[in-house]
Amino acid sequence: SNFIKFWCLLVFIPISSLSLNLTIPPINCEGNITCGNGERHYMCMTPQTQCKPFELLKMNEDKIYNFLLGHNGLRNRVAKQYQIANMNIVHWSMKLQWRAEIFLKRCKVEPDACQDNGPLETQINENYLFHHGLIGESWPAHLVRQWFNEFGYREEWQDFTARRKMGIVGNFSNLIYPLVKLIGCNGAHLPTGYLFVCFYWPRTLETYEDGFRYGEPCAQCDPKVPACSRVFPGLCGVDMEGSNGASIFQEDPQHEENTTKNVIRSKHSSHITPSSHS
């Protein structure tokens, strides 16, 4: 049928055609651009570590896979539980990871004052957490879970709206925002503990609620990619073959050239299964 032919065309969309729609414009550093704190944008300065000891955590394919699986698995759960019809699958941006690492070198446990600076297409949202004590190899999964647990999954959706306006579920709000397409994260060991940061692009709309469409999950997707994930059926987006719904957009921060790399896992790979609250 025509429907089957249309679906096959969607499944075999070339990766290059997708990456064109997932390019974050560069920060325009001309004219002494400053942020909300009056300082020059940190992306327009030579990156320098501002504390010692300082050590960026190693971000390998396993860590990226766990970040993507954690985010998409939980976004899929929220879409199904609260009947959100336009929840996107998210992919990994090397550019956002690089920006997070530059931010971490500032050694400041505070919100990114530059996240809403400049034109909308370069703005991001930020989640962060400071942790005292030791961390394990599965820290990406635990980090995403901690942000998700700001809002109890048994609560009513109207409770989320009320708590968001009180400013107490900010990390959860960014994690499950439907229109997000790219994420990039990392952490660093600072003198007194670990600081973790995730950046989300594009930034939320001026009115947060305007980003939500309600109804059958994956029923009101962006017309540019009108397909549902095969791995996370409640999410909008075309899966990269062999990637279990996760891909890395490798963006050269200097030259703005994109390539895409699959995060490949065999069918025997371990998965993060969202657990219930105790």
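Numbered according to mature numbering (1 follows the signal peptide of the UniProt record, and there is no 0), the sequence shown spans residues -19 to -1, 1 to 259. The beta-carbon is built from N, C-alpha and C at its ideal position, and this holds for glycine as well.
Member of the options whose CA lies at the smallest distance from the CA of residue i
i, options, result
"residue 267", "Asp97, Glu36 and Asn106", "Residue numbering for the chain in the displayed model covers -19 to 259; residue 267 lies beyond these limits and cannot be assessed."
"Ala94", "Pro6, Phe180 and Val206", "Phe180"
"Ile5", "Pro34, Ser74 and Arg56", "Ser74"
"Leu85", "Lys205, His170 and Pro204", "His170"
"Leu101", "Ser210, Pro183, Glu197 and Ile83", "Pro183"
"Trp128", "Cys10, Gly51 and Trp79", "Gly51"
"Gly117", "Tyr175, Ala208, Tyr109 and Glu107", "Tyr175"
"Thr188", "Pro28, Thr142, Cys32 and Gly17", "Thr142"
"Gly114", "Arg135, Tyr134, Pro172 and Tyr63", "Pro172"
"Arg126", "Phe48, Thr30 and Thr185", "Phe48"
"Gly99", "Lys205, Asn108 and Tyr23", "Tyr23"
"Tyr134", "Leu55, Asn18, Gly19 and Gln29", "Leu55"
"Gln31", "Leu3, Asn18, Gly19 and Val90", "Val90"
Start-to-end residues for the beta strand (DSSP E) that takes in residue i
i, result
"Gln72", "Residue identity check: residue 72 is His in the sequence provided, not Gln. Taken as a continuous stretch (DSSP letters only), the beta strand (DSSP E) holding His72 covers His72 to Ser74."
"Tyr46", "Here Tyr46 belongs to no beta strand (DSSP E); instead the alpha helix (DSSP H) covers Glu42 to Gln62."
"Gly148", "Unbroken run through Gly148: none, as it is neither H nor E."
"Ala200", "Premise fails: Ala200 is in no beta strand (DSSP E) and is neither H nor E."
"Asn108", "Asn106 to His112"
"Ile164", "Leu163 to Leu171"
"Val178", "Gly174 to Trp182"
Same chain, Cβ closer than 7 angstroms to residue i, neighbours up to 5 away in sequence not counted
i, result
"Asn69", "Pro159, Leu160, Val161, Lys162, Leu216, Cys217 and Gly218"
"Glu82", "Leu37 and Asn167"
"Gly192", "Tyr158, Pro159, Leu160, Thr185 and Leu186"
"residue 261", "Because the chain here runs from -19 to 259, residue 261 falls outside it and cannot be looked at."
"Pro28", "Ile83 and Lys86"
Own chain residues within Cβ distance below 6 angstroms of residue i, not counting five before or after
i, result
"Ser154", "Arg145"
"Arg97", "In the sequence under discussion, the amino acid at residue 97 is Asp, which differs from the Arg named in the question. Once the five neighbours on either side are set aside, the close Cβ partners of Asp97 are Gln104."
"Phe177", "Leu110, Leu124 and Gly168"
"Arg194", "Ala66, Asn67 and Gln201"
"Tyr63", "Trp138"
"His112", "Gly174 and Tyr175"
"Pro121", "Lys44, Asn47 and Phe48"
"Phe132", "Phe141, Val150 and Phe153"
"residue 319", "Past the boundaries of the shown model lies residue 319; the chain is included only from -19 to 259, so the question cannot be answered."
"Asn108", "Trp128, Asn152, Asn155 and Cys179"
Same chain, Cβ closer than 8 angstroms to residue i, five either side skipped, listed in chain order
i, result
"Asn53", "Ile70, Val71, Ser210, Val212, Phe213, Leu216, Gly226 and Ala227"
"Cys25", "Ile8, Cys10 and Ile14"
"Arg21", "Asn13, Ile14 and Thr15"
"Ile164", "Phe48, Leu49, His52, Val71, His72, Trp73, Ser74, Leu77, Cys179, Phe180, Tyr181 and Trp182"
"Gly17", "Ala94, Cys95, Asp97 and Asn98"
"Glu190", "Thr142"
"Ser119", "Asn47"
"Lys33", "Pro172"
"Pro92", "Glu107 and Tyr109"
Endpoints, alpha helix (DSSP H) assigned at residue i
i, result
"Phe129", "Trp120 to Phe129"
Proximity test, residue i beta-carbon vs the ligand MN heavy atom, cut-off 7 angstroms
i, result
"Trp73", "Of ligands this structure carries none, so the ligand MN is not represented either."
Assess contact between the segment 48 to 59 and the segment 145 to 152, defined as three or more Cβ pairs (one per stretch) separated by less than 8 angstroms. Is contact present?
no
Contact the segment 192 to 201 vs the segment 34 to 54: 3+ CB pairs below 8 angstroms
no
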